[in-house]
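Start counting the sequence shown at 18; every next residue gets the next number (our numbering).
This report concerns only the one structure given below.
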Amino acid sequence: MNVQTPHTADATTVEEGLAIQQAQSKFDSEAATALAMQNTLLTPRFYTTDFAELDAIDVSPVRADWDKLMEQMRNDPNKGHFRKTEDWDHVDWEGMEPELKAELLDFLISSCTAEFSGCVLYKEMKRRGTNEDIKELFSYMSRDEARHAGFINDALREAGVAVNLGFLTREKKYTYFRPKFIYYATYLSEKIGYARYITIYRHLEANPEHRFHPIFKWFKEWCNDEFSHGEAFALLMRTDPKITQSFANKLWIRFFLTAVFSTMWVRDHARPKFHEALGVDIDWYDMEVFRKTSEIARQVFPVELDLDNPRFINGCRAMERAVRQMDAAKARGGVSGMMGRAAAGAKAAAAFVSLYTMPVKKNAVPDDVRLEPAY
Ligand SMILES: [Fe+2]
Ligand SMILES: [Fe+2]
């Protein structure tokens, strides 16, 4: 590899990272970009919010923790990490079993879209901000997410299917969320990202024969970035007790926990070959990620889902069956397809209600909000 070529791994700003990606975009794939463009319940979305409200946050109540976190992000421990090195083993895309290849590509494209979704949201906040604290935080987070998305795109480019990130920024539909919903959803997705990456990393550390793609070797440093991003949202939520403690907001937190966990369950269970190749039982893996995420989220959420209540796993399974039925009905088409879709939609809604109305565990949040990655 020519070391002189600028690489997103070394980009110190999000703008620089995206320009490097854009320069390579002539090689990008329409099929992969089309997949990333999809907006279904299960595909990663792009978000926009009330940036002025976010910009008005005063971080004084958490100043000491804030300054420590900013110093850590300013020092940029992962600069240069997200690039292929001699540790990057050759991937035999041609020889790969077609179903595994399809699921791996789906995993990479959806991960790239999710990383990039964070990147565009954080970049927009950085661009529109006037509050120095907020601008600084969002410049570091967007820088990191541009590197993550860029690195996944490097992996995809080897298979000839990279995502055109510039096109996605311009053309993908943006979903509006009020700032507090952005906090809940983004906090959860950062912490779940950490839990997912570290669980796979530790599993492959113990079972290296299952490491069928080199990108998993990068997950340890990667998950630390996501952990810090989650910490930043925990601090933002701690600036105002109402955000997590009011009656209505507790219901919203339950809603987001239910939606994010059940979506992850359905998405992962749609990739059986991928998890088989990793040597991972999907039920075990998802429950493990939910447990880690729930434990971490005690730093800020006053409620958590009762994962040991059998209604939880039964609800997730019912949701998964309903989504499968919906896909089958969609594929069938016609009147029978339409009726099938309605029936499956009702089943999915019933499964969601059952999960949402499960008794939650209450949690007294600690005085000291900050955590260090511990898994
Ligand atoms: Fe990321
Ligand atoms: Fe992140």
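Positions of the beta carbon are idealized from the N, C-alpha and C atoms, including for glycine.
As the structure is a prediction and not an experimental result, all values here were calculated from the model.
Per DSSP, F63 lies in no alpha helix (DSSP H) segment; the continuous beta strand (DSSP E) that holds it begins and ends at 63-65. In the structure shown, T22 adopts coil according to DSSP, grouped into three states.
A check of alpha carbon separations from I313 across D298, C136, Y204, T30 identifies Y204 as the nearest. Runs of the beta strand (DSSP E) lying entirely within the region 346-377 and spanning at least 3 residues: none are present.
Cα atoms of T147 and V79: separation of roughly 19 Å, rounded to the nearest angstrom. The shortest C-alpha to C-alpha distance from S128 to any of H98, D300, D171 is the one to D171.
Here Q316 really is in contact with P383; their C-beta atoms are around 7 Å apart, less than 8 Å. Here DSSP, grouped into helix, strand and coil, assigns E114 to coil. For W269 against Y201, the beta-carbon gap comes to about 6 Å, under 8 Å, which counts as contact.
Assignment of beta-bridge partners to Y193 by DSSP yields T65.
Assignment of alpha helix (DSSP H) within the region 115-193, counting only whole runs of 4 or more residues, yields 115-145, 149-175, 182-188 in chain order. With contacts defined as CB atoms closer than 8 Å, D104 and P196 fail to qualify as a contacting pair.
H98 has its Cβ no nearer than 7 Å to any heavy atom of ligand 1. R164 sits buried, since 16 or more C-beta atoms from the chains shown fall within 10 Å of its C-beta.
Contact between I151 and D72 holds, since their C-beta atoms are separated by about 6 Å, short of 8 Å. Of P61, I74, L138, the smallest CA-CA separation from I126 is found for P61. In this structure, the beta-carbon distance from F318 to N266 does not fall below 8 Å. At a Cβ-Cβ threshold of 8 Å, V180 and T50 count as neighbours.
By alpha-carbon distance to P94, the top candidate from C136, E238, T130, A40 is E238.
For S311, the enclosing alpha helix (DSSP H) starts and ends at 299-314.
Of the candidates G362, A119, L138, F168, L138 places its Cα closest to the Cα of F63. Taking the C-beta atoms as reference points, W235 is found no nearer than 8 Å to F369. According to the DSSP assignment, V277 belongs to the alpha helix (DSSP H) that extends over 264-286. In the structure shown, E389 adopts coil according to DSSP, grouped into three states. Nearest neighbour of T186 by Cα position, chosen from T102, S134, Y392, turns out to be S134.
Judged by their CB atoms, R341 and D123 are not nearer to each other than the 8 Å cut-off. A Cβ-Cβ separation of about 6 Å places A361 in contact with A346 under the 8 Å criterion. In the three-state reduction of the DSSP assignment, V320 falls in the strand class, which pools E and B. Within the same chain, and ignoring the five residues on either side of T66 in sequence, the residues whose Cβ sits closer than 6 Å to its Cβ are F194, P196, I199. Taking C-beta separations shorter than 6 Å and ignoring five residues to either side along the sequence, the partners of T310 in its chain run K208, I209, A212, following chain order. Not one heavy atom of ligand 2 sits closer than 7 Å to the Cβ of G112. Shown here, K259 sits in a helix according to DSSP, grouped into three states. If the five residues before and after K118 are omitted, its C-beta is found closer than 7 Å to the C-beta atoms of W110, all from its own chain and listed in chain order. Secondary-structure assignment with DSSP links K208 through no beta bridge to anything. Minimum Cα-Cα distance from S156 among the listed residues E32, D303, D325 corresponds to E32. Per the C-alpha coordinates, the member of M142, D161, D325, N241 positioned closest to L388 is N241.
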